[in-house]
Amino acid sequence: SARRWLHARRGFKPSVKQFSEEVLQLETIKTPAEFGAFLTKRREHLGLDEQEGKVVILHPGATPQAITQLESGVFFLPLDAVFPVADFFQLDRKTFLQSVMRIFFYEELEMLTEDAESGEK
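Residues in the sequence shown are numbered from 18 upward in steps of one, following this note's numbering.
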């Protein structure tokens, strides 16, 4: 009933989610520079401007300067900021975390993956 009500409202435009395309793009990124360029393009596409404060990232470490660094391919945020940043860029949290780990913490991810596959703690 809520969907019917929304569709009946004048001016309502349903959001179109291009999830599979974003996931594919994130999964093919290999370098920090490519990652930063992807985020910059994504922010511009969404019309987000962290400098104007249109969207707030709910993490104390995710400052406009940190986002600028991230968009230039430098990851200095704590890992608990990954989900709020993924939300800011309107990306899937799990895919975003996997990309951050693969691109910026490759050795650590490999060690965790090896331990999980071998059954060690």
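C-beta: ideal position from N, C-alpha, C; glycine also.
So, for residue i: in the same chain, excluding its five sequence neighbours on each side, which residues have a beta-carbon less than 6 Å away from its beta-carbon?
i	result
A103	R110 and F113
Y123	none
A50	G90
L43	T112 and S116
V99	L114 and V117
H76	A98 and P101
Who are the Cβ neighbours of residue i in its own chain at under 7 Å, not counting the five residues just before and after it?
i	result
E127	none
Please report the Cβ distance between residue i and residue j, rounded to the nearest whole angstrom; I am assuming they are in contact, meaning their Cβ atoms lie under 8 Å.
i	j	result
E88	T57	5 Å
P101	A133	That belief does not hold up - the Cβ atoms of P101 and A133 are roughly 26 Å apart, past 8 Å.
V117	F92	7 Å
Given residue i, which residues of its chain have a CB within under 8 Å of its CB, disregarding the five upstream and five downstream residues?
i	result
G28	none
Quick check: the Cα distance between residue i and residue j, rounded to an integer number of angstroms?
i	j	result
F52	I74	19 Å
L65	A54	15 Å
L108	S135	31 Å
I120	L23	40 Å
K47	E125	16 Å
S18	E61	35 Å
F106	R26	28 Å
L63	L96	24 Å
Practice task
Counting only runs of 4+ residues fully inside the region 101-137, write out the alpha helix (DSSP H) ranges in chain order.
Solution key: 110-121 and 123-135
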